[in-house]
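Accompanying notes for the structure given below.
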Amino acid sequence: ESSSRGRSFRALFRFFSFAMQRVGRFSRVLSRSYGAQTAAIRMSSGVPDSEPRFLDCFKSYYDRASALSNHQAGVLQDLRSCRAILRVEFPVKTESGEWKQVIGYRAQHSTHRLPCKGGIRYATEVDLQEVMALASLMTFKCAIADVPFGGAKGGIVIDPKTSTVETLERVTRNYTMALCQKNFIGPGLDVPAPDMGTGAREMAWIKDTYEQFNSMFVSAPARCLHVVHILT
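Heads up: the sequence shown begins at 248 in this note's numbering, then just goes up one per residue.
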């Protein structure tokens, strides 16, 4: 039953990806829209009313694609929204002795196949709607590549270029602790990955912090998932 449901979801996601490409070259349009939005933020510290947000663009094209589908309305509505959203805020002390309040996000779009998978980006332009849109797109990308993960995404409002390594480490570890406390991270639940402004260094901090709260070897469940995917 589980494998049959997985095949059904993959077929549905592939259909949507094909339909989205037909109704407007989905990826290119979203990329241009997001680029325009980012430029507007940098120029005026706010998005003009006439400029659609990234999440609005996703939902607009999703609605046009879902209109071509014969799937049940409940299923289509479920795939239009994120399953779980987390916003965290915590203080971090910089090397100068100044306390800085940091905001972070994590969104899980679909849990039909676990774990969720998605990068964590560090940028001053990060906001909730952007993270939700990227999490939604990750579900479709995983389905198209037949990767057995649901879609997720995370982000922290910080400039990695102007922040010291020490500050970035404190921020990363505090963010990871918040994810652990809310059960938004784990080998069989939600797996982070590098994104804009992050890399192997940040992933090592996340892994180390997670293992301080969990005694299990974090790579073991991932290997089991890989074997199961090969066998099925």
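Beta carbons are placed, not taken as given, at the ideal position from N, Cα and C, and that holds for glycine.
Beta-bridge partners of residue i, as assigned by DSSP
i      : result
Ser355 : Note that residue 355 corresponds to Gln in the displayed sequence, not to Ser. Beta-bridge pairing links Gln355 to Ala331 and Ala399.
Asp437 : Cys363 and Gly433
Pro338 : Gln348
Ala370 : Val404
Own chain, CB closer than 6 angstroms to residue i, minus 5 neighbours either side, in chain order
i      : result
Val378 : Tyr352, Ala354, Lys400 and Gly402
Ile350 : Glu336 and Val404
Val373 : Gly402 and Val404
Asp406 : Thr371
Between the CA atoms of residue j and residue i - distance to the nearest angstrom
i      : j      : result
Glu336 : Asp455 : 21 angstroms
Ile332 : Arg417 : 23 angstroms
Pro395 : Tyr422 : 26 angstroms
Leu415 : Pro439 : 16 angstroms
Asp310 : Arg327 : 8 angstroms
Cys389 : Arg360 : 10 angstroms
Gln376 : Gly365 : 15 angstroms
Val482 : Ala370 : Residue coverage of the chain in this structure runs from 248 to 479, which leaves residue 482 outside it and unanswerable.
Cys363 : Asn461 : 19 angstroms
Glu298 : Cys304 : 10 angstroms
Gln428 : Gly397 : 21 angstroms
Ile367 : Ile432 : 12 angstroms
Ala382 : Cys329 : 8 angstroms
Phe301 : His356 : 15 angstroms
Gly321 : Thr358 : 16 angstroms
Gln459 : Leu426 : 13 angstroms
Gln319 : Thr445 : 39 angstroms
Residue span of the alpha helix (DSSP H) that contains residue i, given as start and end
i      : result
Asp455 : Ala447 to Phe460
Arg311 : Phe301 to Ser313
Ser316 : Unbroken run through Ser316: none, as it is neither H nor E.
Val378 : Leu375 to Ile391
Element boundaries [beta strand (DSSP E), containing residue i]
i      : result
Ala425 : It is not in any beta strand (DSSP E) - Ala425 instead sits in the alpha helix (DSSP H) that spans Val412 to Gln428.
Chain-order list of residues whose beta-carbon lies under 7 angstroms from that of residue i (same chain, five-residue window excluded)
i      : result
Thr419 : Glu449, Trp452 and Ile453
Leu323 : Ser313 and Ser316
Gln348 : Glu336 and Pro338
Thr341 : Lys347 and Thr414
Asp437 : Gln355, Pro362, Cys363, Ala399 and Phe431
Met424 : Thr456
Ala380 : Phe301, Leu302 and Phe305
Proximal residues to residue i (C-beta, below 8 angstroms), its chain only, five neighbours per side dropped
i      : result
Ala447 : Pro441
Ser307 : Pro299
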